[in-house]
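Okay, so here's the structure we're looking at.
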Amino acid sequence: MKRSILCCVILLASGVVLAANDGASSTLKLSDPAATLETQALYRNLHKLAQKGVLFGHQDTLAYGVDWKADPNKLDSDVYRLCGKFPAVFGWDIGHIGTPRNIDGVPFESMKVWIRKGYEKGGISTVSWHAQIPGTTQSAWTQQKVVSRLLPGGDLHETYRATLDQIAAFFADLKGSRGEPIPVIFRPFHEHTGDWFWWGAKWCTPDEYKQLWRFTVDYLRKTKGLHNIITAYSPDRFKDREQYLERYPGDDCIDILGHDNYGAFRSLKTKDEARQALETVIALAEEHNKIAALTETGVGQGPANATWWTDVLLEIVKSSPSTKKIAWVLVWRNADKRQNYAAFPESATAENFKAFERDPLTLFLEDLPAMYK
Ligand code: BMA
């Protein structure tokens with residue numbers, strides 16, 4: 058057998074191989090061999106777009122903004138109010154799944170409506186999970202060794218399965234107009250290089266962390282039959298590629314090599330660290346035939362950061378040919394006047410954000426080609 062054919066057969070056996078007809082040398086590989094066609098298309102198109110643009114994302118953008126809450130029957134966003142375009146990537150969080158409202162008060166039923174509307178408009182939804190300790194109301198920030206107890210054989214394993222059943226029901230309810238499952242990017246157990254969450258590095262071994270991921274993904278895919286899930290791994294700040302990969306669950310489990318980084322993106326004082334972090338994530342994504350993303354970043358929208366969008370964020374993203382290949386950047390939520398990461402009409406960063414939007418590199422919802430075909 059020719060080496061190239063053999064190679065192809067091996068790849069086909071371990072995941073969905075998506076030919077990348079965009080000049081990229083790699084063969085893109087989605088971890089779910091049974092991913093739906095729309096999920097495969099989204100992954101392929103995200104990779105293709107990443108070669109020429111950077112999608113802008115915002116957490117909870119459709120649900121509320123500074124001083125307002127949305128009506129689920131219409132689409133609104135601080136970003137839209139300011140520049141007339143919506144983010145291309147919609148961030149959501151399923152913390153407090155199993156109750157009517159998420160960790161930040163967003164009703165789960167409304168969240169489903171917004172995910173459906175976002176999809177109909179051609180946008181992309183990514184779902185993080187500030188998970189309470191399963192079966193309890195103890196928050197994600199509970200610093201306690203609990204991961205091993207959730208794994209098969211652990212005393213909380215059945216409880217964990219029940220929580221995953223609730224998540225599976227939420228994902229299964231996301232259907233497009235033809236009844237097709239809506240692809241979503243699932244980003245649980247994030248920032249695990251820190252020790253602030255119960256799944257953080259201090260509270261479980263690398264093996265336990267990987268097992269938690271692998272059990273979760275297998276359960277959603279194989280037991281619950283969900284094939285509309287693209288997974289994102291997102292360490293917080295890391296010192297080198299070894300630390301980035303130390304808890305990586307594997308190419309057959311993960312699709313997006315993400316990174317959460319607020320600290321190094323605050324100002325140009327840490328530009329080198331931020332650039333190197335992006336370069337590492339992008340190089341690793343290329344080596345693993347995956348997609349790289351800056352899954353969380355941002356600063357407050359006050360006068361001290363008036364030109365942050367172009368002079369810091371874009372400056373870092375454009376700092377090398379490699380860094381420009383980050384598929385998206387997502388900024389966190391606009392909770393109120395004190396906690397806000399996207400510009401809004403009265404914010405000190407408003408004019409600069411418009412320049413960021415006009416930059417040819419940035420892509421908003423209205424700039425996207427069809428992502429699901
Ligand atoms: C944090 C803050 C909190 C929020 C949590 C989950 O970074 O925004 O206010 O509850 O994320 O979204």
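Numbering-wise, our numbering comes out as the position in the sequence shown, counting from 1, plus 57.
Just so it is clear, CB atoms sit at the ideal spot from N, CA and C, and this is done for glycine as well.
Checklist entry - With distances taken from CA atoms, which of 127, 254, 180, 193 is nearest residue 199? => result In the sequence shown, the residue the question calls residue 199 occupies position 142. Taking only the C-alpha atoms, the option nearest residue 199 is 254.
Next on the checklist: Taking the alpha-carbon of residue 292 as reference, which of 394, 306, 315 has the nearest alpha-carbon?
Outcome noted: Start at 1 with the first residue of the sequence shown, and residue 292 comes out as number 235. Per the C-alpha coordinates, the member of 394, 306, 315 positioned closest to residue 292 is 315.
Next on the checklist: How far does the alpha helix (DSSP H) with residue 217 in it extend, from its first residue to its last?
Outcome noted: Looking up residue 217 in the sequence shown gives position 160. Here the alpha helix (DSSP H) through residue 217 covers 214-229.
Next on the checklist: Does residue 288 pass the burial test, meaning 16 or more other C-beta atoms within 10 Å, or should it be called exposed?
Outcome noted: Here residue 288 refers to the residue found at position 231 of the sequence shown. Flag for residue 288 reads buried.
Next on the checklist: Using only the alpha-carbon positions, how far apart do residue 420 and residue 384 sit?
Outcome noted: The residue you call residue 420 lines up with position 363 of the sequence shown. The residue you call residue 384 lines up with position 327 of the sequence shown. Using only the alpha carbons, I get a separation of about 10 Å.
Checklist entry - Is it true that the stretch 109-118 meets the stretch 130-149, where meeting means three or more beta-carbon pairs spaced less than 8 Å apart? => result yes
Next on the checklist: Quick check: the Cα distance between residue 323 and residue 203, rounded to an integer number of angstroms?
Outcome noted: For the purposes of this step, residue 323 is taken as residue 266 along the sequence shown, with counting starting at 1. For the purposes of this step, residue 203 is taken as residue 146 along the sequence shown, with counting starting at 1. So the alpha carbons of these two residues sit roughly 33 Å apart.
Item to check | Element boundaries [beta strand (DSSP E), containing residue 154] | outcome: For this step, residue 154 is matched to residue 97 along the sequence shown. Counting along the chain, residue 154 falls outside any beta strand (DSSP E), and DSSP gives it neither H nor E.
Next on the checklist: Taking 8 Å as the limit between beta carbons, can you name the residues of its chain near residue 155, skipping five residues before and five after?
Outcome noted: Numbered from its first residue, the sequence shown carries residue 155 at position 98. Closer than 8 Å at the Cβ level, and outside the excluded window around residue 155, lie 220, 223.
Next on the checklist: Need the endpoints of the alpha helix (DSSP H) that residue 177 sits in, please.
Outcome noted: Residue mapping note: residue 177 aligns to position 120 of the sequence shown, counting from 1. Taken as a continuous stretch (DSSP letters only), the alpha helix (DSSP H) holding residue 177 covers 165-177.
Checklist entry - Which residues in the same chain have their Cβ closer than 6 Å to the Cβ of residue 356, if we skip the five residues on either side of it in sequence? => result On the sequence shown, position 299 is the one that residue 356 refers to. Cβ within range, chain order: 323, 362, 365.
Checklist entry - Contact between the stretch 239-251 and the stretch 164-183: three or more CB pairs below 8 Å? => result yes
Checklist entry - With respect to 6 Å, is the separation between the Cβ of residue 309 and the closest non-hydrogen atom of the ligand BMA below this value? => result Here residue 309 corresponds to residue number 252 of the sequence shown, with the count starting at 1. No, the Cβ of residue 309 stays beyond 6 Å of every heavy atom of the ligand BMA.
Next on the checklist: I'd like to confirm the pairing. Which residues does DSSP put opposite residue 42 in its beta bridges?
Outcome noted: Because the chain spans 58 through 430 in this model, residue 42 falls outside it and cannot be assessed.
Checklist entry - Any idea if residue 186 is buried or exposed, counting beta-carbon neighbours within 10 angstroms, 16 or more meaning buried? => result The count along the sequence shown starts at 1 and reaches residue 186 at position 129. Buried, because 16 or more other Cβ atoms sit within 10 Å of the Cβ of residue 186.
Item to check | Neighbourhood of residue 28 by C-beta, 6 Å cutoff - its chain only, sequence neighbours within 5 removed | outcome: Residue 28 lies beyond the range of the chain shown here (58 to 430); nothing can be said about it.
Next on the checklist: Going by the DSSP bridge assignment, what does residue 184 pair with across the sheet?
Outcome noted: Taking the sequence shown and counting its residues from 1, one reaches residue 184 at position 127. Note: residue 184 sits in a beta bridge opposite 149, 243.
Checklist entry - Does the Cβ-Cβ distance between residue 359 and residue 321 come in under 7 Å? => result By 1-based counting over the sequence shown, the position of residue 359 is 302. By 1-based counting over the sequence shown, the position of residue 321 is 264. Going by C-beta atoms, residue 359 is not nearer than 7 Å to residue 321.
Item to check | Cutoff 8 Å; reference residue 82; Cβ partners in own chain excluding five residues on either side | outcome: Here the question's residue 82 lines up with position 25 in the sequence shown. For residue 82, the predicted structure reports a pLDDT of 43, less than 50, and the residue's modelled location is therefore unreliable. The matter cannot be settled from this model.
Item to check | Contacts around residue 169, its chain only, beta-carbon distance under 8 Å, and the 5 residues preceding and following it disregarded | outcome: Within the sequence shown, residue 169 is the residue found at index 112, counting from 1. Within the same chain, residue 169 has close Cβ partners 227, 230, 231.
Next on the checklist: For residue 111, list the residues DSSP reports as bridge partners.
Outcome noted: Taking the first residue of the sequence shown as 1, we reach residue 111 at position 54. Assignment of beta-bridge partners to residue 111 by DSSP yields 419.
Checklist entry - If we call anything under 7 Å between Cβ atoms a contact, is residue 374 one with residue 325? => result Taking the first residue of the sequence shown as 1, we reach residue 374 at position 317. Taking the first residue of the sequence shown as 1, we reach residue 325 at position 268. In this structure, residue 325 does not lie closer than 7 Å to residue 374 by Cβ.
Checklist entry - For residue 150, is the beta carbon positioned less than 6 Å from some heavy atom of the ligand BMA? => result In the sequence shown, counting from the first residue as 1, residue 150 sits at position 93. Yes, the beta carbon of residue 150 sits closer than 6 Å to at least one heavy atom of the ligand BMA.
Next on the checklist: With a threshold of 6 Å (Cβ to nearest heavy atom), would residue 247 be considered close to the ligand BMA?
Outcome noted: Here residue 247 corresponds to residue number 190 of the sequence shown, with the count starting at 1. Result no, Cβ not under 6 Å from the ligand BMA.
Checklist entry - So the beta strand (DSSP E) residue 86 belongs to, where does it begin and stop? => result Here residue 86 is taken as the residue at index 29 of the sequence shown, counted from 1. 85-87 is the extent of the beta strand (DSSP E) around residue 86.
Item to check | Bridge-paired residues (DSSP) for residue 290 | outcome: Sequence index remark: in the sequence shown, residue 290 carries index 233 (1-based). Answer is 314, bridged to residue 290.
Checklist entry - Any idea which residues DSSP pairs residue 397 with across the strands? => result In the sequence shown, the residue the question calls residue 397 occupies position 340. DSSP output for residue 397 lists 391 as bridge partner(s).
Next on the checklist: So, at 6 Å on beta carbons, what are the nonlocal neighbours of residue 425 in its own chain, with the 5 sequence-adjacent residues on each side left out?
Outcome noted: Translated into the one-based positions of the sequence shown, residue 425 becomes position 368. If we look at residue 425 and ignore the five residues flanking it on each side, its Cβ neighbours are 145, 179.
Checklist entry - Given a threshold of 16 other Cβ atoms within 10 Å of its Cβ, counted over all protein chains shown, does residue 126 qualify as buried or as exposed? => result Working through the sequence shown from its first residue, we reach residue 126 at position 69. Label assigned to residue 126: exposed.
Item to check | Close Cβ partners of residue 392 (< 6 Å) along its chain, the five nearest in sequence each way excluded | outcome: Within the sequence shown, the letter at position 335 stands for residue 392. Counting only residues of its own chain and dropping the five nearest sequence neighbours on each side, residue 392 has no CB closer than 6 Å to any other CB.
Next on the checklist: For a test of your reading of the model: does the CB of residue 187 fall under 6 Å from any non-hydrogen atom of the ligand BMA? Yes or no.
Outcome noted: Stepping through the sequence shown from its first residue, residue 187 is reached at position 130. Yes - the ligand BMA has a heavy atom lying nearer than 6 Å to the Cβ of residue 187.
Checklist entry - Does the Cβ of residue 103 have 16 or more other Cβ atoms within 10 Å, making it buried, or fewer, making it exposed? => result Here the question's residue 103 lines up with position 46 in the sequence shown. Its Cβ being crowded by 16 or more others within 10 Å, residue 103 is buried.
Item to check | Beta carbon of residue 132 nearer than 7 Å to that of residue 401 | outcome: Counting from 1 along the sequence shown, the entry for residue 132 is found at position 75. Counting from 1 along the sequence shown, the entry for residue 401 is found at position 344. In this structure, residue 401 does not lie closer than 7 Å to residue 132 by Cβ.
Checklist entry - Secondary structure at residue 123, three-state DSSP: helix, strand or coil? => result Sequence index remark: in the sequence shown, residue 123 carries index 66 (1-based). The answer is coil: DSSP assigns residue 123 none of H, G, I, E or B.
Checklist entry - Does DSSP put residue 79 in a helix, in a strand, or in coil? => result Within the sequence shown, numbered from 1, the residue matching residue 79 stands at position 22. Residue placement at residue 79 is flagged as unreliable, the pLDDT there being 48, under the threshold of 50; a coordinate-derived value is accordingly withheld.
Checklist entry - What distance in whole Å lies between the Cβ atoms of residue 330 and residue 237, which are believed to be in contact at a cut-off of 8 Å? => result On the sequence shown, position 180 is the one that residue 237 refers to. On the sequence shown, position 273 is the one that residue 330 refers to. Not confirmed; about 42 Å, so no contact.
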